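Enquirer: Right, I'll just put the structure down here and ask away after.
Residue numbers (our numbering): 12 to 399.
Spelled out as structure tokens, the structure:
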């Protein structure tokens, strides 16, 4: 058994010591208050209805419950347990074009924002795939390595903006080089790269470089074209997704004329053909990624890929239930004695008993006085006649 937050276990001695100190201090204060208005000789009589053993039991139960709560916070776990299972999934990099041409708003709200939103939703449906993300403009770098942590992947995707790379342009050759090295380092057998771009202003010899990577590195390339044939003017800076007004700051060429970006489908198709893959037209409603996966990437998925997961079983429920049980028992213990013994008095008085009733002969004899004739005589208990 291990603890996720085992440093919290160091609190146990302080909890126990603090409970003992608090118990003794409260006990001393209670005695001091009683002594203030009653002499010490009368304290036993006043406290005869208090069960001090029950008080100690309640203290022990509460202290044990507090110690168990500290154990709960430390989060005990049992493991790791073997939960290995086979999962089928593909391993591929997505090269995302983040050049300024991807800010064109011929796809709402913009090419880049639309792609990011649809990809983020698609990542939620994945299971078993290892996906990496490479950002590309005039340069290229890995934004996320191959991973099946799709939550982290969505977070880094959201942070991908044109300002992430200061150098402008669309350097597909550099992105291919970065992706190929990452795939080799990961030991991926069925290598695949998905290029998401408008296909314009590609630097170097993209088609030739893709063909060499496909032949030598056994990498398959798939392209996704974003934009429309009509295109639109290129904003000079990124605009909020909810921006509705006209774009006032636009990119201009050396002649001072607005730069218009259009989807270069022919270039992207040529890249896909050279890389042994296919071209897909981007659809804002999000169906593009399912088509891409089902028709192409799924054929590269590992059929016997084994993902070993180290699972731990949480055991905090056990000490938590014990703590609740102890507190329930503590609440049911009474510290009052129902029929306490009465204190003994210093002076013992005899029990009063009725005087014996006088006999009839005694009453009659009291009516006669020896040697005299007294006549009528009064008597406390009645009247009698004296006889000679």
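Backbone N, C-alpha and C define an ideal beta-carbon position, used for all residues, glycine too. Quantities reported herein were computed from a predicted structural model and do not represent experimental measurements.
Buried or exposed for residue 12, please, with buried defined as at least 16 other CB atoms from any protein chain shown within 10 angstroms of its CB.
Expert: exposed
Enquirer: Exposed or buried, residue 198, counting other C-beta atoms within 10 Å across all chains shown (16 or more means buried)?
Expert: Looking at its Cβ environment, which holds fewer than 16 other Cβ atoms inside 10 Å, residue 198 is exposed.
Enquirer: Taking a contact to mean a Cβ-Cβ separation below 8 Å, would you say residue 62 touches residue 348 in this structure?
Expert: With respect to residue 348, residue 62 sits close: the two C-beta atoms are nearer than 8 Å.
Enquirer: Between residue 325 and residue 23, what straight-line distance do the alpha-carbon atoms span, to the nearest angstrom?
Expert: Roughly 20 Å between the two C-alpha positions.
Enquirer: Please look up how many angstroms separate the CB atoms of residue 158 and residue 176, rounded, as I've assumed it's under 8 Å.
Expert: Rounded, the Cβ-Cβ distance is 21 Å, inconsistent with contact.
Enquirer: Under the rule that 16 or more other beta-carbon atoms within 10 Å means buried, what is residue 359, buried or exposed?
Expert: Low confidence applies here, because residue 359 scores a pLDDT of 49, under 50, leaving its location unreliable; read the following figure in that light. Classification for residue 359: exposed.
Enquirer: Which residue spans inside the region 227-314 form an unbroken alpha helix (DSSP H) run of at least 4?
Expert: Counting only unbroken stretches of 4 or more residues, the alpha helix (DSSP H) elements lying wholly within the region 227-314 are 276-285, 298-306, in sequence order.
Enquirer: Locate the alpha helix (DSSP H) running through residue 194, then write down its first and last residues.
Expert: 183-197
Enquirer: Using the C-alpha atoms, what's the distance from residue 87 back to residue 333?
Expert: When the Cα atoms are used, residue 333 and residue 87 turn out to be separated by approximately 14 Å.
Enquirer: What are the boundary residues of the alpha helix (DSSP H) that residue 169 is part of?
Expert: 161-169
Enquirer: Do you know whose CA, among 147, 107, 139, lies nearest residue 130's CA?
Expert: 107
Enquirer: Decide if the region 233-244 is in contact with the region 112-123; the criterion is three or more beta carbon pairs, one per stretch, under 8 Å apart.
Expert: Pairwise C-beta distances place the region 233-244 in contact with the region 112-123, as three or more of them are shorter than 8 Å.
Enquirer: Among residues of its own chain, excluding the 5 on either side of residue 127, which ones have a beta-carbon nearer than 6 Å to its beta-carbon?
Expert: 168
Enquirer: Less than 8 Å between C-beta atoms, sequence neighbours within five positions excluded: which residues of the same chain meet that for residue 11?
Expert: Look at the range of the chain in this structure, 12 to 399, and you will see that residue 11 is not part of it.
Enquirer: Closest to residue 345 by C-alpha separation, out of 21, 265, 60, would be which residue?
Expert: Checking every option, the nearest Cα to that of residue 345 belongs to 60.
Enquirer: Using C-beta distances below 7 Å, list every residue in its chain close to residue 110, excluding the 5 sequence neighbours before and after it, in chain order.
Expert: Cβ within range, chain order: 148, 173, 179, 180, 181.
Enquirer: How is residue 109 classed by DSSP in three states: helix, strand or coil?
Expert: In the three-state scheme derived from DSSP, where H, G and I count as helix and E and B as strand, residue 109 is classed as coil.
Enquirer: Kindly list the residues whose CB is nearer than 8 Å to the CB of residue 20, restricted to its own chain and excluding five residues on each side of it in sequence; keep chain order.
Expert: 14, 81, 82, 85
Enquirer: Under DSSP, the beta strand (DSSP E) around residue 68 begins and ends at which residues?
Expert: Here residue 68 belongs to no beta strand (DSSP E); instead the alpha helix (DSSP H) covers 63-85.
Enquirer: Counting Cβ pairs, one atom from each stretch, are 3 or more of them under 8 Å apart for the region 200-212 and the region 224-237?
Expert: Taking a contact to require three or more Cβ pairs closer than 8 Å, the region 200-212 and the region 224-237 qualify as touching.
Enquirer: Residue 244 to residue 166, Cα distance in whole Å?
Expert: 29 Å
Enquirer: Given that a residue counts as buried once 16 or more other Cβ atoms are within 10 Å of its Cβ, and exposed if not, what is residue 138?
Expert: exposed
Enquirer: Rounding to the nearest angstrom, what Cα-Cα distance links residue 341 and residue 99 in this structure?
Expert: Between residue 341 and residue 99, the C-alpha separation is close to 54 Å.
Enquirer: Do residue 151 and residue 185 come within 8 Å of each other at the CB atom, strictly closer than that value?
Expert: yes
Enquirer: State the Cα-Cα distance for the pair residue 102 and residue 25, rounded to the nearest angstrom.
Expert: 51 Å
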